[in-house]
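In the numbering used here, the protein residues as written are 16 to 311. Encoded as structure tokens, the structure appears first; notes follow it.
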Amino acid sequence: MNLFVRLVFAISLGFICYVPSVYSQSSFMLVKKNGHYYTDATINDNAIIPIFVETGFHGMVVSVEWYNRILATLPLKEIKLQKEEHLHTDRTTRRIVKLFKGKVPVGDLMYEGRIFVVDTNEDYVTIPVNLLKSEADSTVCLIRFDFKKNVLDYVRKEEASLGKMHQYTLVENDPMPIFEATIELSDALGHQFTKFGKFNFDLGNGSSVFFFRRTMLPALKENNFKIQTSRDKSGDIIGQGIFAGYCKIGNKSKTGFSIGITNKIEDTDELGCVGPSFFQNGTVILDPNNKLIYYK
């Protein structure tokens, strides 16, 4: 009997010791679904909240139900909407019910920025993880995406092996990580061109690379790239793209894949988005303090 009691006590103690690693965290296991990444975390002391992991969006997004459940107790500052406004992405359009700004605890970290409460019912909360910071330890300043192990963690510089990694210049991190690089592009027919510009490192982008129509379509046409077009039943264009025989951005390259061209994002001088699948099983590290993105 005493042995049984000791065994139960040991198991209970082990469980108690394990709980903090779940409910307070700076490292997150990523689950990949349809090219996108998801994780779970504690948000404002509410455990195991499903999160859509994002870097290509300018705020936290929650449904009315999620706001009432996990955020309503926080002292957020409401920003009054003067008219009906919507959140537009290349995938969805959602009506903004309320808009706030402020701080939201996420695991051991803190999100600070805008919080959009929208009218759609979603199974997850969207968080731009590039805006999460450690307020308890300022030396935790690097944001590391390990796409081989499917881990996102926030680490000190001495914990990251940066010596053999390539670099992009990070020109902006808030609200989105924007970097500068030269793209070299060619198709299967030998058409090619080189262009320097800005790209959005977009973790929510299921594609390896996605171009913006206004900034890239003229250059593609000028260099005789074949533009593939898809239309709906009414004959309206619903999508355009090219097949890239070779694409190199900075020192990272990929061959034989399709690149979509969107016309839904017009008010930008960026050339397009670069998604995690462009780096395959590599590692990407954001260093906002030194305005760098490390990658391999």
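By construction, the Cβ of each residue, glycine as well, lies at the ideal position given by its N, Cα and C atoms. Everything numeric in this text was worked out from a predicted model, so none of it was measured.
Just to confirm my understanding: we take residue i, look at its own chain, exclude 5 residues before and 5 after, and list those with CB closer than 6 angstroms. What are they?
i	result
Cys156	Asn304
Leu167	Phe43, Leu45 and Phe160
Arg109	Leu102, Val133 and Thr135
Asn165	Leu45
Glu127	Lys118
Lys306	Leu185
Leu8	Nothing can be reported for residue 8: it is not among the residues displayed for the chain, which extend from 16 to 311.
Val170	Leu157 and Arg159
Gly298	In the sequence as presented, Gly is not what sits at residue 298; that position holds Thr. Counting only Cβ-Cβ distances below 6 angstroms, and skipping sequence neighbours, we find Asp161 and Lys311.
Tyr322	Lying outside 16 to 311, the shown extent of the chain, residue 322 is not represented and no answer is given.
Report back the beta-carbon spacing between residue i and residue j to the nearest angstrom; my notes put them in contact at under 8 angstroms.
i	j	result
Ile63	Val119	So it is not a contact: roughly 16 angstroms between Cβ atoms.
Leu218	Gly71	7 angstroms
Ile264	Phe226	That pair is no contact at about 12 angstroms.
His73	Met191	6 angstroms
Check whether chain D comes within 9 angstroms of residue i, counting only Cβ atoms and requiring the distance to be less than that.
i	result
Ala151	Structure shown: chain D not included; a single protein chain is present.
Within 10 angstroms of its Cβ, does residue i collect 16 or more other Cβ (buried), or is it exposed?
i	result
Asp189	exposed
Asp202	buried
Leu312	In the structure displayed, the chain extends from 16 to 311; residue 312 sits before or after that span and is not available.
Asn83	exposed
Pro5	In this structure the chain extends from 16 to 311, so residue 5 is not present and cannot be described.
Asn296	exposed
Ile242	exposed
Thr154	exposed
Asn49	exposed
Ser249	exposed
Val186	exposed
Asp302	buried
Leu204	exposed
Thr197	exposed
Gly122	buried
Leu147	buried
Glu173	exposed
Ile193	buried
Thr281	It should be noted that the sequence gives Glu, not Thr, for residue 281. By the 10 Å Cβ count, Glu281 comes out exposed.
Glu69	buried
Ile94	exposed
Should residue i be counted as a contact of the ligand MG given a C-beta to heavy atom distance under 8 angstroms?
i	result
Thr244	Judged by which ligands are present, the structure shown has none, so any question about the ligand MG falls away.
Who are the Cβ neighbours of residue i in its own chain at under 7 angstroms, not counting the five residues just before and after it?
i	result
Phe294	Phe162, Lys267 and Tyr310
Phe240	Asp202, His206 and Ile257
Ser223	Lys269, Phe272, Gly290, Ser292 and Phe293
Leu55	The residue you asked about is not Leu; residue 55 is Asp in the sequence shown. Cβ neighbours of Asp55 beyond the five flanking positions: Ile63, Ile64, Pro65 and Ile66.
Phe208	Leu200, Ala234 and Asn238
Asn220	Gly71, Cys288 and Gly290
Glu150	Met125
Leu96	Ile111 and Leu114
Gln40	Ala56, Gly122 and Asp123
Arg229	Glu281
Gly47	According to the sequence shown, residue 47 is Lys rather than Gly. Contacts found: Asn165.
Ser78	Val133, Thr135, Asn136 and Glu137
With a threshold of 8 angstroms on Cβ separation, who are the neighbours of residue i within its own chain once the five nearest residues in sequence on each side are excluded?
i	result
Ile300	Leu157, Ile158, Arg159, Phe160, Ala175, Leu177, Met180, Ile308, Tyr309 and Tyr310
Lys236	Ile242
Glu195	Tyr183, Thr184, Val186, Phe211, Gly212, Lys213 and Phe214
Leu89	Asn59, Gly117, Lys118 and Val119
Met75	Val119, Tyr126, Gly128, Arg129, Ile130, Phe131, Val140, Thr141, Ile142 and Pro143
Glu80	Asn136
Ile85	Ile58, Asn59, Asn61, Ile64, Val77 and Val140
Thr107	Thr135
Review point. Would you say the segment 140-147 touches the segment 89-105, given that touching needs at least three Cβ pairs under 8 angstroms?
Key: no
Practice item. Check whether the segment 204-222 touches the segment 281-292, taking contact to mean three or more Cβ pairs, one atom from each stretch, closer than 8 angstroms. Key: yes
Review point. Touch check for the segment 109-116 and the segment 126-134: three-plus C-beta pairs under 8 angstroms?
Key: yes
**Study point:** Every unbroken beta strand (DSSP E) within the segment 208-251, with a cutoff of 3 residues, ordered by chain
**Key:** 224-227 and 243-246
Review point. Is the segment 250-259 touching the segment 291-310, taking contact as three or more C-beta pairs under 8 angstroms?
Key: no
**Study point:** Unbroken stretches of the beta strand (DSSP E), 3 residues or longer, contained in the segment 129-212
**Key:** 140-143, 155-161, 166-171, 181-187 and 193-201
Review point. At which residue ranges does the segment 85-121 contain complete beta strand (DSSP E) runs of 3 or more residues, listed in the order of the chain?
Key: 92-94, 101-103 and 108-121
Review point. If you scan the segment 35-59 from start to end, which runs of the beta strand (DSSP E) of 3 or more residues do you find wholly inside it?
Key: 42-44, 46-48 and 51-58
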